[in-house]
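Protein chains in written order, with this note's numbering: chain A, 2 to 349; chain B, 2 to 349; chain C, 2 to 349; chain D, 2 to 349. The beta carbon of each residue, even a glycine, is placed where N, CA and C say it ideally should be. As the structure is a prediction and not an experimental result, all values here were calculated from the model. A quick write-up on the structure given underneath.
There are 4 protein chains.
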Amino acid sequence: MNSLRVAIVGSTGYGGVELIRLLLQHPKVTIASVISSSNSGVSIAEGFPHLQEILSDELDPIDIDLIKGKADVVFTATPSGVSTELIPRLLEAGLKVIDLSGDFRLKSGELYGQWYKHKAAEPQYLERAVYGLAELFGEEARGVDFISNPGCYPTAAALGLAPALAAGWIDPDSVIIDAKSGVSGSGRGLNLSAHFSEVNENFSVYKVNRHQHIPEIEQTLSLIAGREITVTFTTHLVPMTRGIMCTMYGSLNGDRTEEDLIELYRKYYEGRPFVRIRGKGKWPATKEVAGSNYCDIGFAADRRTGRLTIISVIDNIVKGAAGQAVQNLNLMMGWDEQTGLRLTPIFP
Amino acid sequence: MNSLRVAIVGSTGYGGVELIRLLLQHPKVTIASVISSSNSGVSIAEGFPHLQEILSDELDPIDIDLIKGKADVVFTATPSGVSTELIPRLLEAGLKVIDLSGDFRLKSGELYGQWYKHKAAEPQYLERAVYGLAELFGEEARGVDFISNPGCYPTAAALGLAPALAAGWIDPDSVIIDAKSGVSGSGRGLNLSAHFSEVNENFSVYKVNRHQHIPEIEQTLSLIAGREITVTFTTHLVPMTRGIMCTMYGSLNGDRTEEDLIELYRKYYEGRPFVRIRGKGKWPATKEVAGSNYCDIGFAADRRTGRLTIISVIDNIVKGAAGQAVQNLNLMMGWDEQTGLRLTPIFP
Amino acid sequence: MNSLRVAIVGSTGYGGVELIRLLLQHPKVTIASVISSSNSGVSIAEGFPHLQEILSDELDPIDIDLIKGKADVVFTATPSGVSTELIPRLLEAGLKVIDLSGDFRLKSGELYGQWYKHKAAEPQYLERAVYGLAELFGEEARGVDFISNPGCYPTAAALGLAPALAAGWIDPDSVIIDAKSGVSGSGRGLNLSAHFSEVNENFSVYKVNRHQHIPEIEQTLSLIAGREITVTFTTHLVPMTRGIMCTMYGSLNGDRTEEDLIELYRKYYEGRPFVRIRGKGKWPATKEVAGSNYCDIGFAADRRTGRLTIISVIDNIVKGAAGQAVQNLNLMMGWDEQTGLRLTPIFP
Amino acid sequence: MNSLRVAIVGSTGYGGVELIRLLLQHPKVTIASVISSSNSGVSIAEGFPHLQEILSDELDPIDIDLIKGKADVVFTATPSGVSTELIPRLLEAGLKVIDLSGDFRLKSGELYGQWYKHKAAEPQYLERAVYGLAELFGEEARGVDFISNPGCYPTAAALGLAPALAAGWIDPDSVIIDAKSGVSGSGRGLNLSAHFSEVNENFSVYKVNRHQHIPEIEQTLSLIAGREITVTFTTHLVPMTRGIMCTMYGSLNGDRTEEDLIELYRKYYEGRPFVRIRGKGKWPATKEVAGSNYCDIGFAADRRTGRLTIISVIDNIVKGAAGQAVQNLNLMMGWDEQTGLRLTPIFP
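So this is what it looks like as structure tokens:
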């Protein structure tokens, strides 16, 4: 059987390097090209010694012809703004694309401009991109040639809220998302807010009400609920490397027990292997999904206040980026969703 | 000038050890007795080598007569349930008491029984205890002989919410408190949930809607707002040792800008040196108060959702325990509130 | 093809849980029984929620007949002293055994008693156990029915020192091993020295000159060097979960450059896929092997002092425990050493 | 009484900010000017919100006349190479100087050039600088106008080795120093090696045999031993913010017990309040000196190998930088060495 040849643009970021880890153990795929806008000609193992004797390919420059010659599918794990220009050219060259940047997630170019502070891609490409959140919109991604991979926070938030919103069990105007992320979410770039001495033994909050993932979350939740939804969204930085937790609040419509919610969610995610619903009185922790593609969800329903608390966790680099991208590759190629992704979380 | 002689019951817990650190640099106080229910006769520096050549007193047993002979004021940093019995005896012996346990914070013994799962202290002592949250109820503590020191979460939550609630700027029925704490908050006891390999590189949630600090928070906020308040309260464990952040949400009554809030809070806390209000668009981080008695507060008002986000941080062992207890000692003795507490946060 | 049925005694410790993670992805193995001296009848996923929907087998008690009925090979990841009694019974029942405890690593029962402070196993079993450090004694393990899995520190230390000692390039009387380990090395037991608030933001030293791995290291190095070797060995606790680094010092015999050493080591470990030798001026870090079975080694030769510094790193739970045990299973069964162990380190 | 007016050049680095924390509680000093080569005119509290309402002075530029007008003593916490030029001008202007950079620690300009890779200061200033390691060379610093503050590693290493070397108890040719530091040691600059996601849950080694502190350590030890000493020195990065441990090895001359060593060291450091010698079988941990000016030392003497292991710990920013600088200020001014430095370590 022939292996699918894949290329990774942005292979020297954390998302790119995690793609390498996952694709190396994917039975149907060969990494044909690791690409970086800088350092071309240097072995990827030079900057990432953990890859020594595993993958020592030289970094390729971003060159459409070169990519076309080497690969069938391209992952673009590029900073926001780069995919906007690059992906149309990749698609025109006949390549299939899975984009891990935020450039094609919003259907509205106007919203994109507002939140990302630069120009959106051409509308035709925004339209063409299939938003690859399989657990909510799954079959849409099968067989397409261009998938936009969801953001880390939007994945954790939407998976946690969708069933309750779809069922009308919580008031769509009451949704508050208190999100916490490990530091790897902000990438490998050098910044005081990722400096060990500033982050370690510290808990901080950032971009309150201003995070560019807000419109993405609202777009998904509005689709699910069938009406416009506006959310309060706060992001915090946790002194750890990997993991996201979303603690979400909504006012319950009617009297729902935790058992009701567990049943609702298990039914909603039936056949979706990467979502795990915790039992009554159990809540997930980020370490329980570390290194894996799972999203784990738990509940607390409070009679005193009439509010529901939903807790969802993911590994931000796996289900929140590279793992979900491989899941989308599997769907794109018509393979079993779990191919290469049956990863047991690494504990402790 | 004669030094005030103080005794610390529970001196081998984290609250007790921090009291030692703070009282050692207090100009008007002498540590007369360090007391522990076990290990009496052993030097405190044996179990806490950081105290070598600083304080090597032998641990005293819990013995009312002994304490009475040695001390004027007693700090009780004991597990919940111990103070219930001990403090009446200390008071009857004519000692002044500052209690760091939760046993005398709730005025209602019934609520105490419900949330703490054991019997409350005698009503007369619950009544007699002055709840020592100086920034909200300050002058009440001056000159009294029995102060109940507030809990760590209730301190951070109430200081963050009080001015907005008192002013009627947020809907009292809309309050959600998403709280995060370092691991030291759960003490020095051995427990899997404090095991390094389980906590490190992990973010978890616990006691959702069930934390015993809920009625304490509600008691304070109800007093401030002049009506019954019920809150949603979630507690998370952060992989760090010290620090609490409360991220709090409320629906704004009317259109209030962040400038309005900053002005409101600065006026409310005027003359209260331990509360610092951040400027517009600035939010505090836990490390910015580490080792100090400050509570720092910041805001985000969101026009899109009509909600206010309030962020407050404290060092859970200082303003959330030992530091506030020393502040209460200062008030009890009629001294300047800041005596021995002019601590610059330790950074980084 | 029939899967090999394996049982894990001590499956609720960190070594046991890591064995589960590795064996779940091993193509030739089925986990037939997870065994614990306590909690039998409870699902393993109850205590380890990261295994939910992956492995929910109930824990079996330690019962030789039960094990015999279910399994072909038994991993014993038990505390020191338990294997001593248990393994003879497993072997007599015709089971193959790979022991992760320290009970069968020392050939001398007397030395065992001296360092482990309890009675050694019967001499015949000490003799029968094959010490499974494949990179040094590889073919000995092929086809045997009882393998003693090396300790974490001895693995990192011996792999780092063996080639230089075998070649006579360093003075055998000059060896100093300064070792550092993550906290998981001390297991899941509750102990103040694993309490997050005591370990975090702390670096400490323990068991100086007294660690029970000392005679194991000396036994291996003496075999390699062909003469008695005594080492200075210091162990430190690093505020991290996984990883061991050994920084090792020896006086160079003759003038050896780093290039010489790299060549020597690459030749020595030729055909051994789990040892990776860093290039000149490069030294490994623990994160570069995290989650994988690699041992990475680097060098610094100092003309000023005539000393060689060797740095080796492993993941203490993988190459230092569960991964090496699976490697030994592969050898025992005559399979390719890397079966199920082609693990890319997880980074970051 | 008039306060001494001090200026801090480089006040926005970690050393500078810690000087501020310490000097704010110094009873005889006023911070007259906080100076930074950039950002002049901006409040120091802008970049360091932990200083809000404590110190909000605007940053001054580096301007000799300005400094001369405002201050009596200047601390220079500047990157290596800057003090070389700046300090002669400060001295010529009649200011007293305590230099925290490495520019004036080596008496040999040639050695400086070799290890620091840029040109040394004028010989007359190298001569004039008094090396301020009070516990070894104490009285030399009294009353002088220019003190060079020792490096962090050299402080921990020399304090740990000096008494044994001075007594001739260890072979001067056998000294190996295995040093470990928290990340703050490398400052606030942005660098991949201080990036949280790369450092956290990682233990690494750097600059093996090449650290610029090597000649400083050798200069001190040679003075103490009365002969040339060459050491092997390895530096490691610990995933924590503060703290240094040096684990040091030497061959014992004669049979010395741990009791002998404890007695030797206690006598050697008699009257030196910042060195604490641990009791038999006790070794210090970095957290036990955190935030304080202590250097704690412990021993293990090994009959099996004839080697001595010495363990010393300091807080790298306090005794390794700012605290020692204040100690030197006290000596320079003829004050009690401990003025403003009676700091209890912060635990946990």
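Proximity to residue i [Cα-Cα], best of the options
| i | options | result |
| --- | --- | --- |
| Q328 of chain C | C:T13, C:L23, C:N3 | C:L23 |
| I99 of chain D | D:L112, D:R143, D:K181, D:E219 | D:R143 |
| F138 of chain B | B:P164, B:A322, B:A291, B:D297 | B:P164 |
| E123 of chain A | A:E136, A:K108, A:E19, A:K268 | A:K108 |
| E199 of chain D | A:Y207, A:G188, A:F348, A:F204 | A:G188 |
| H214 of chain D | D:P89, D:T236, D:S194, D:F204 | D:T236 |
| S149 of chain B | B:I88, B:W336, B:N192 | B:I88 |
| G174 of chain C | C:A78, C:M249, C:A135, C:K208 | Rather than Gly, the amino acid found at residue 174 of chain C in this sequence is Asp. Closest by alpha carbon: C:M249. |
Beta-ladder partner(s) of residue i, from DSSP
| i | result |
| --- | --- |
| G251 of chain D | D:L309 |
| L5 of chain B | B:V30 |
| S182 of chain A | A:L238, A:I245 |
| V98 of chain C | C:V75, C:F147 |
| V276 of chain D | D:C296 |
| A302 of chain A | A:L309 |
| S44 of chain D | D:E59 |
| S205 of chain D | D:L238 |
Alpha carbon of residue i to alpha carbon of residue j, nearest angstrom
| i | j | result |
| --- | --- | --- |
| E140 of chain D | M333 of chain D | 10 Å |
| A8 of chain B | L56 of chain B | 13 Å |
| P240 of chain B | T13 of chain C | 23 Å |
| P274 of chain C | F300 of chain B | 55 Å |
| A158 of chain C | V176 of chain C | 11 Å |
| L238 of chain C | H196 of chain B | 14 Å |
| I318 of chain B | G95 of chain C | 58 Å |
| V184 of chain C | D297 of chain D | 23 Å |
| R279 of chain C | V276 of chain D | 40 Å |
| I65 of chain A | L127 of chain D | 59 Å |
| E54 of chain A | G11 of chain A | 21 Å |
| L60 of chain D | Q115 of chain D | 34 Å |
| L112 of chain B | A33 of chain B | 36 Å |
Under 9 Å by beta carbon: chain B residues contacting residue i
| i | result |
| --- | --- |
| P346 of chain A | Within chain B, no residue comes near P346 of chain A; the closest Cβ sits about 11 Å away, beyond 9 Å. |
Classification of residue i by the beta-carbon crowding that lies within 10 angstroms, buried from 16 upward
| i | result |
| --- | --- |
| P155 of chain B | buried |
| G103 of chain C | buried |
| E289 of chain D | buried |
| P62 of chain A | exposed |
| S4 of chain D | exposed |
| N201 of chain A | buried |
| S182 of chain C | buried |
| V43 of chain C | exposed |
| P28 of chain B | exposed |
Interface partners of residue i on chain D, CB under 7 Å
| i | result |
| --- | --- |
| R22 of chain B | T345, I347 |
| Q53 of chain B | R277 |
| N317 of chain C | Result: empty, since nearest Cβ-Cβ is about 11 Å, beyond 7 Å. |
Residue i: contacting residues in chain A (beta-carbon distance under 9 Å)
| i | result |
| --- | --- |
| G321 of chain B | The premise fails here: G321 of chain B is roughly 14 Å from chain A at the closest Cβ pair, so nothing lies under 9 Å. |
Any non-hydrogen atom of the ligand ATP within 6 Å of residue i CB
| i | result |
| --- | --- |
| R257 of chain C | The ligand ATP is not among the ligands present in this structure, which contains no ligands whatsoever. |
Under 9 Å from the C-beta of residue i: neighbouring residues of chain D
| i | result |
| --- | --- |
| S81 of chain B | Residues of chain D passing the Cβ test: none, with the nearest at roughly 21 Å. |
Interface residues of chain A facing residue i [CB-CB closer than 7 Å]
| i | result |
| --- | --- |
| E202 of chain D | T242 |
Beta-carbon neighbours of residue i, restricted to chain C and to distances below 8 Å
| i | result |
| --- | --- |
| V239 of chain D | F204, V239, P240 |
| K283 of chain A | P50 |
Contacts of residue i in chain A (Cβ-Cβ under 8 Å)
| i | result |
| --- | --- |
| S185 of chain C | P349 |
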